[in-house]
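Here the numbering used here runs 34 ahead of the position in the sequence shown, where the first position is 1.
Take a look at the structure below.
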Amino acid sequence: MKNSEIRSLSESEIIERIAAEQTNLTKLRFAHAISPIENPNKLKEVKRTIARLKTALTALQLAK
35 MKNSEIRSLS
45 ESEIIERIAA
55 EQTNLTKLRF
65 AHAISPIENP
75 NKLKEVKRTI
85 ARLKTALTAL
95 QLAK
C-alpha cells in the first residue's frame, strides 16, 4: 500500500486496516514457522505497511 493511498483514508479506515494487516502478519508468521513461505520478504513488507499506517494515524490525530 502506497503512502498516497494511506493519506486518502479516514481515521477509522486506517484503524481497520491496521487490525487487518496485523492479523495478516500473524497468519504469515505461523505459515512461515510451519513451512517456509515462498517469499519471506512478504513479512517485511507487511510490517512496513503496518508502520506506515500507524504513522499516518498518529499524524491525523496530532493534526486535530
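Even for Gly, the Cβ is constructed at its ideal location relative to N, Cα and C.
Nothing here was measured: the structure is a model prediction, and the numbers come from that model.
Three or more C-beta pairs closer than 8 Å, one from the stretch 74 to 84 and one from the stretch 53 to 60: is that the case here?
With the cut-off at 8 Å, the stretch 74 to 84 and the stretch 53 to 60 touch.
Among Lys76, Arg51, Glu50 and Ile49, nearest to Leu62 - alpha-carbon criterion:
The sequence position of residue 62 within the sequence shown is 28, counting from 1. For the residues Lys76, Arg51, Glu50 and Ile49, the minimum Cα distance to Leu62 belongs to Lys76.
Can you tell me whether Arg41 is buried or exposed? The criterion is at least 16 other CB atoms within 10 Å of its CB, across all chains shown.
The residue given as residue 41 occupies position 7 in the sequence shown. So Arg41 ends up on the exposed side.
Report, in whole angstroms, the separation of the C-beta atoms of Ile52 and Lys98, which I expect to be a contact under 8 Å.
One-based indexing of the sequence shown puts residue 52 at position 18. One-based indexing of the sequence shown puts residue 98 at position 64. With a Cβ gap of about 18 Å, Ile52 and Lys98 do not count as contacting.
Continuous alpha helix (DSSP H) stretch holding Glu72: start and end
Within the sequence shown, numbered from 1, the residue matching residue 72 stands at position 38. Here Glu72 belongs to no alpha helix (DSSP H), and DSSP marks it neither H nor E.
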